[in-house]
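Below is one structure, written out as structure tokens, with a few remarks after it.
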Amino acid sequence: DRTHDSLDTEGTSRLSPYLHFGCVSPRELEDRLPGEGKGVGALRRQLCWRDFYHGVLRAFPDNAHREFRERFRDLRWSHAEKRFEAWTEGRTGFPLVDAGMRQLRREGWMHNRARLVVGSFLTKDLGIDWRWGERWFMRLLVDGDEANNNGNWQWIASVGTDPQPYYRRMYNPARHMERFDPNGTYVREYVPELRAVPDRHLREPWKMPKATQEEVGCVIGRDYPRPLVDRRQARDAAKERYGAAVGRGA
Numbered sequence: 355d356r357t358h359d360s361l362d363t364e365g366t367s368r369l370s371p372y373l374h375f376g377c378v379s380p381r382e383l384e385d386r387l388p389g390e391g392k393g394v395g396a397l398r399r400q401l402c403w404r405d406f407y408h409g410v411l412r413a414f415p416d417n418a419h420r421e422f423r424e425r426f427r428d429l430r431w432s433h434a435e436k437r438f439e440a441w442t443e444g445r446t447g448f449p450l451v452d453a454g455m456r457q458l459r460r461e462g463w464m465h466n467r468a469r470l471v472v473g474s475f476l477t478k479d480l481g482i483d484w485r486w487g488e489r490w491f492m493r494l495l496v497d498g499d500e501a502n503n504n505g506n507w508q509w510i511a512s513v514g515t516d517p518q519p520y521y522r523r524m525y526n527p528a529r530h531m532e533r534f535d536p537n538g539t540y541v542r543e544y545v546p547e548l549r550a551v552p553d554r555h556l557r558e559p560w561k562m563p564k565a566t567q568e569e570v571g572c573v574i575g576r577d578y579p580r581p582l583v584d585r586r587q588a589r590d591a592a593k594e595r596y597g598a599a600v601g602r603g604a
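Note that the working numbering has the sequence shown beginning at 355, numbered continuously upward.
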């Protein structure tokens with residue numbers, strides 16, 4: 355299961371496009387899975403999530419365009435087009451977010467852990483409507499599935515079926531990189547301008563001393579973008595927005 359979440363290894367099955375296009379069925383995969391074993395539990399959980407979201411959308415077709423949880427249907431979203439464009443192009447200034455978005459553009463696919471991080475960043479840090487991210491993913495993903503894509507975006511935006519409180523799902527890109535891409539293998543693959551940046555600065559390159567930036571040929575604001583937001587301020591703003599929606603819906 356730990357390998358499944360690691361960004362620096364090929365730990366996922368890559369079966370999602372084949373499931374989506376009907377080349378293989380969830381039941382067939384379940385029949386072929388061994389009872390136990392490394393990674394088996396993670397794959398089985400993903401199959402369950404897939405069927406769950408299909409069931410949810412079938413039972414609640416309005417979920418295709420609105421939040422499942424009523425209290426968040428009047429949540430105030432930003433529609434900042436320039437920030438959204440920076441997110442789609444992998445120019446947010448946060449290495450893990452940018453790596454994920456560039457992988458999506460290059461391959462039409464993104465590691466699930468990266469999907470969670472970029473989704474959290476769009477909806478919580480930038481405060482941008484989850485439907486914008488949902489549509490962008492459907493445009494580019496080779497495994498784009500309406501039910502799963504919708505369910506996953508509502509999950510990460512904390513407006514879907516999952517009961518976890520919104521403040522539990524504000525992912526810190528630097529911390530996730532430390533846990534799931536500790537050597538920077540994934541980030542350096544998709545963000546080449548950061549390849550010469552020392553490991554100790556790779557998670558937050560804007561904190562590099564100016565001399566180091568010049569030395570490695572990665573000057574922040576010139577060779578790589580400055581952070582699009584101050585995460586502490588963005589986190590506080592997200593809590594305020596979600597808290598206000600909860601208060602109005604109480």
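Ideal placement from N, C-alpha and C gives every residue a C-beta, glycine not left out.
Residue i: buried (16+ other C-beta within 10 angstroms of its C-beta) or exposed?
i    : result
Y520 : buried
K564 : exposed
A418 : exposed
W488 : The question names Trp, but residue 488 in the sequence shown is Glu. Buried, because 16 or more other Cβ atoms sit within 10 Å of the Cβ of E488.
With respect to the alpha helix (DSSP H) encompassing residue i, which residues constitute its N-terminal and C-terminal limits?
i    : result
M492 : W484 to L494
P449 : P449 to E461
G395 : V394 to A413
Going by Cα to Cα distance, which pick from the options is closest to residue i?
i    : options                   : result
V573 : R533, M531 and A550       : A550
R586 : S367, G376, L548 and L480 : L480
R421 : F448, S512, R493 and S379 : Reading off the sequence shown, one finds Glu at residue 421, where the question assumed Arg. Among F448, S512, R493 and S379, the Cα nearest to that of E421 is on S512.
G538 : L470, L450 and W507       : L450
R522 : M531, I510, H530 and E532 : I510
P546 : D590, C377 and Y578       : Y578
Return the CA-CA distance between residue i and residue j, expressed in angstroms with no decimal places.
i    : j    : result
R580 : R386 : 48 Å
R399 : E594 : 33 Å
E461 : M455 : 10 Å
E568 : L373 : 47 Å
R485 : G514 : 12 Å
E382 : G597 : 44 Å
D405 : K561 : 43 Å
R445 : D584 : 15 Å
A501 : E439 : 25 Å
R425 : L401 : 29 Å
D452 : T366 : 20 Å
Beta-carbon separation of residue i and residue j under 8 Å?
i    : j    : result
Y525 : Q457 : no
A528 : R557 : yes
Any beta-carbon of chain C closer than 8 Å to the one on residue i?
i    : result
A413 : No chain C is part of this structure, which consists of one protein chain only.
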